[in-house]
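Residue numbers (the numbering used here), protein chains in the order written: chain R, 1 to 565; chain S, 1001 to 1177.
One structure is given below, encoded as structure tokens.
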Amino acid sequence: MSGSKPQAKPTPQSNYSGPVIVDPVTRIEGHLRIDAVVEKGKIVDVRSSSQLFRGLEIILKGRDPRDAQHFTQRACGVCTYVHALASTRCVDNAVKVKIPKNATLMRNLVMASQYLHDHLVHFYHLHALDWVNVANALKADPAKTAVLSNSLSPNRKETAAQFKAVQDKVGALVASGKLGIFTNAYFLGEKKNEAYYLPAEADLMATKHYLDALHMQVKAARAMAIFGAKNPHTQFTVVGGVTNYDALKPERIAEYKALTDEVTAFIKDFYIPDLLAVAGFYKDWAAIGGTTNFISCGEYPTDEYNLDSRFFPQGTVMKRDIAKPGNFDSNQIKEHVKHSWYAGEAALHPYKGVTEPKYTNLNDKDRYSWMKAPRYNDEACETGPLATVLVAFAKGHKPTVDAVNFVLKTLNVGPAALFSTLGRTAARGIECLVTANQIPVWLNALVSNVKGGDTELYTPWKMPDEAEGVGFVQAPRGLLSHWIKIKKGKIENFQLVVPSTWSLGPRCANGKLGPVEEALMGTPIFDPARPVEILRTVHSFDPCIACGVHVLDAHTGKTASFKVL
Amino acid sequence: MTDEKKRILVLGVGNVLFTDEGIGVRAVDEIERLYDVSDNVTLMDGGTLGTRLMDPILNCEHLIVIDAVLGDGPAGSVYRLTGEDLRKSLAFKDSMHQTDLVDTLIMCEIVGNRPEAVIIGMEPFDYHTMAIELSPVAKERQEALMGFVLEEIANAGGTFSKKAVPGPTTQEREPCA
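Right, dumping it as structure tokens:
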């Protein structure tokens, strides 16, 4: 099979009619329920429902604005830094402090390492099992797998023996029943799930790289800890700048550089070629799972006060029209609650936002989610890597344009293919690659500032009596904004509009579907008991629904060997 | 083990925003505030679990996790779960987390180093209400929980001593600026 271009397969279909409920969706952060109605093998109605209430807004009232970041970054086990940054930026903005250049660079470098980490983990550890059949990898020929893999990048030198070793390791896991990380994967079952259709060799190749990426993500996390003081909860951002003075030392910078260089090489030689190889076999998914409107605030500023100074440009693409990108205008944001478990029906701008919970019940089709429904100009907008990449592509951002064209050419598809589940997954790789390539630029700027004697990381400031501010972060999962109102030096109101509410929120007051709902409409379901097609699209959004509960549940297993102290 | 002392990682995990779910993090903070520990012991606030904890876990030989655990006992009961029991008894099916502790340990095993692991956990009274204070029950039992953790540290080859002057409590600490 190596050498020959894979052909798009027809998507396997069924004649099933009835409900399909995935609850909870696994391999995501938090608790999401997808409630779909299927007719003749295709989804005709769907609701995306978040089952966790986030009451952060309530807990923050009356506190010192400087403390907001320590609470918001605990909302979630994954996106800790991005919340810390958004909270810090919104207070920076409210108190009108101009932070030093080096502080901006430090914030960017930590963010970049988070991107590398998150996208790598997403592709290999959260999303790959939707495409890759690990059980099928056991049937592969290790020698042919080595040939296939090495054909994808000149820097790969993989051997049949290495692939054989992976087969043995995975085979032992499957035989012992200790499937662990593969538990509940939809390729498991007595009958093969026809919705998976990679050749066994591609399955084995991806399985090996799944394991290799485990090593690599550790390095990305370590890079993040070097500048971020610690991980998972970074402790270096403060209103007015950053406090990681230790990170100005040449040996620290060298450490960060060595780690990010290594991860960048892995992204170029493994992540991107693997992504393209898998995508080549699943080209039918370039016509499934698309949405219509996209929004990004851009990221990596040189001037924190100017959204137009960001490396990835801010903007919108509405109605899939990449010929006419718009500018991002935060006044156009409103959060709807008509179909959410909150009181009332008013759609409000975040500064005026109210968080007043009012739960109905799980089977309510009218009010069905703890998420609010953010809308931009009354439209549901997807955010995240696809939005970042589409906006950057539409605005002619050269590094992004080059990467997009390379991907489209390799897959032999046009730009329309981007509006799909496959496009979303490819965009994440593109965003990761473009970010990785930019790291040396920021690092060199930092080094040259330090060499020139500029070691400024913090600007002093004074807490005003009354103020309001906003912090925009284009996080790995998309547009995140924190909105603060300060009164008598304390938090009067605090609202978070998080990426997953943009992408995974419910219907709005005008009855318009949320992006993931729109994306799932029409999706074919081959096996209603193992609806991997739903997971493909939902996972392609990289859902992250503020982790609330993670208490170990001893009830669900054999608890006999517990020792009570 | 030769004369090198085992590297011990004490990892408090949980979400401090949900009352007793934060018991592990609170306990590790409190141990850090009140005790000096030997060089081979690292105290760490792990927050909510995820693959980002793999680096410190891979670098230790003995892992002590402090967490909220749902057993069958009344609120405040303290449990001890060991590595192999974890694998048998705790379902990691339908994890609400991106990756939970057991997944993370399995990943560490695949990558090459799965440390000896033990969980010292407490039955929570309330882990749903969004509040940063522990429940009175959990607060009352926190010292007992810490006692078991210290015993575990000692058994694993670590030492500790009470600080002459305890560090500031969270309330006493100035917000950083």
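Where a beta carbon is used, it is the ideal one built from N, C-alpha and C, also for glycine.
CB contact check: residue i to chain S, cutoff 9 Å
{"i": "residue 125(R)", "result": "yes"}
{"i": "residue 371(R)", "result": "no"}
{"i": "residue 14(R)", "result": "no"}
{"i": "residue 310(R)", "result": "no"}
{"i": "residue 435(R)", "result": "no"}
{"i": "residue 140(R)", "result": "no"}
{"i": "residue 390(R)", "result": "no"}
{"i": "residue 18(R)", "result": "no"}
{"i": "residue 59(R)", "result": "yes"}
{"i": "residue 535(R)", "result": "no"}
{"i": "residue 97(R)", "result": "no"}
{"i": "residue 225(R)", "result": "yes"}
{"i": "residue 413(R)", "result": "no"}
{"i": "residue 355(R)", "result": "no"}
{"i": "residue 94(R)", "result": "no"}
Sub-9 Å separation of residue i and residue j beta-carbons
{"i": "residue 186(R)", "j": "residue 130(R)", "result": "yes"}
{"i": "residue 217(R)", "j": "residue 307(R)", "result": "no"}
{"i": "residue 525(R)", "j": "residue 36(R)", "result": "yes"}
{"i": "residue 287(R)", "j": "residue 509(R)", "result": "no"}
{"i": "residue 106(R)", "j": "residue 446(R)", "result": "yes"}
{"i": "residue 1035(S)", "j": "residue 1150(S)", "result": "yes"}
{"i": "residue 335(R)", "j": "residue 347(R)", "result": "yes"}
{"i": "residue 290(R)", "j": "residue 314(R)", "result": "no"}
{"i": "residue 270(R)", "j": "residue 153(R)", "result": "yes"}
{"i": "residue 228(R)", "j": "residue 110(R)", "result": "yes"}
{"i": "residue 95(R)", "j": "residue 469(R)", "result": "yes"}
{"i": "residue 425(R)", "j": "residue 127(R)", "result": "yes"}
{"i": "residue 428(R)", "j": "residue 195(R)", "result": "no"}
{"i": "residue 503(R)", "j": "residue 543(R)", "result": "yes"}
{"i": "residue 265(R)", "j": "residue 256(R)", "result": "no"}
{"i": "residue 278(R)", "j": "residue 200(R)", "result": "no"}
{"i": "residue 47(R)", "j": "residue 34(R)", "result": "yes"}
Residues of its chain near residue i, where Cβ-Cβ distance is below 8 Å and the 5 sequence neighbours each way are ignored
{"i": "residue 57(R)", "result": "353, 355, 493, 494, 495 and 496"}
{"i": "residue 166(R)", "result": "137, 204, 207, 208 and 211"}
{"i": "residue 1134(S)", "result": "1019, 1020, 1022, 1023, 1026 and 1142"}
{"i": "residue 413(R)", "result": "283 and 286"}
{"i": "residue 38(R)", "result": "16, 17, 18, 19, 20, 44, 525 and 528"}
9 Å Cβ cutoff, residue i in contact with chain R
{"i": "residue 1137(S)", "result": "no"}
{"i": "residue 1131(S)", "result": "yes"}
{"i": "residue 1134(S)", "result": "no"}
{"i": "residue 1167(S)", "result": "no"}
{"i": "residue 1037(S)", "result": "no"}
{"i": "residue 1017(S)", "result": "yes"}
{"i": "residue 1012(S)", "result": "no"}
{"i": "residue 1076(S)", "result": "no"}
Residues near residue i by beta carbon distance below 6 Å, same chain, minus five either side
{"i": "residue 302(R)", "result": "309"}
{"i": "residue 434(R)", "result": "399, 400 and 403"}
{"i": "residue 1075(S)", "result": "1123, 1125 and 1137"}
{"i": "residue 1159(S)", "result": "1038"}
{"i": "residue 483(R)", "result": "350, 351, 470 and 495"}
{"i": "residue 12(R)", "result": "194, 195 and 526"}
{"i": "residue 86(R)", "result": "471, 473, 480 and 482"}
For residue i, the residue or residues it bridges with in DSSP
{"i": "residue 1064(S)", "result": "1010(S) and 1118(S)"}
{"i": "residue 1037(S)", "result": "1160(S)"}
{"i": "residue 375(R)", "result": "334(R)"}
{"i": "residue 317(R)", "result": "294(R)"}
{"i": "residue 33(R)", "result": "49(R)"}
{"i": "residue 470(R)", "result": "483(R)"}
{"i": "residue 1044(S)", "result": "1011(S)"}
{"i": "residue 517(R)", "result": "According to DSSP, residue 517(R) bridges with nothing at all."}
{"i": "residue 1052(S)", "result": "The partner list for residue 1052(S) (beta bridge, DSSP) is empty, contrary to what the question assumes."}
{"i": "residue 219(R)", "result": "According to DSSP, which records beta bridges pairwise, residue 219(R) is partnered with nothing at all."}
{"i": "residue 43(R)", "result": "38(R)"}
{"i": "residue 458(R)", "result": "241(R)"}
{"i": "residue 21(R)", "result": "35(R)"}
Sequence-distant residues of its chain with Cβ nearer than 7 Å to residue i (five each side left out)
{"i": "residue 390(R)", "result": "294, 317, 322 and 418"}
{"i": "residue 454(R)", "result": "102"}
{"i": "residue 1132(S)", "result": "1016 and 1017"}
Item to check | the region 203 to 216 of chain R: positions lying closer than 7 Å to chain S by Cβ | outcome: Cβ contacts with chain S: 211, 214 and 215.
Next on the checklist: Taking beta-carbon pairs under 8 Å, can you tell me which members of the region 1052 to 1066 of chain S lie near chain R?
Outcome noted: Of all residues in the region 1052 to 1066 of chain S, only 1052, 1053, 1054, 1055 and 1058 place a beta-carbon less than 8 Å from a beta-carbon of chain R.
Checklist entry - Which residues, in chain order, does the region 1099 to 1130 of chain S contribute to contact with chain R at a C-beta distance below 8 Å? => result Look at the region 1099 to 1130 of chain S: the residues with a C-beta under 8 Å from a C-beta of chain R are 1099, 1100, 1101, 1102, 1103, 1106, 1107, 1110, 1111, 1119, 1120, 1121, 1124, 1127, 1128 and 1130.
Item to check | Residues within the region 102 to 124 of chain R neighbouring chain S, beta-carbon criterion of under 9 Å | outcome: Within the region 102 to 124 of chain R, the residues whose Cβ lies closer than 9 Å to some Cβ of chain S are 117 and 121, listed in chain order.
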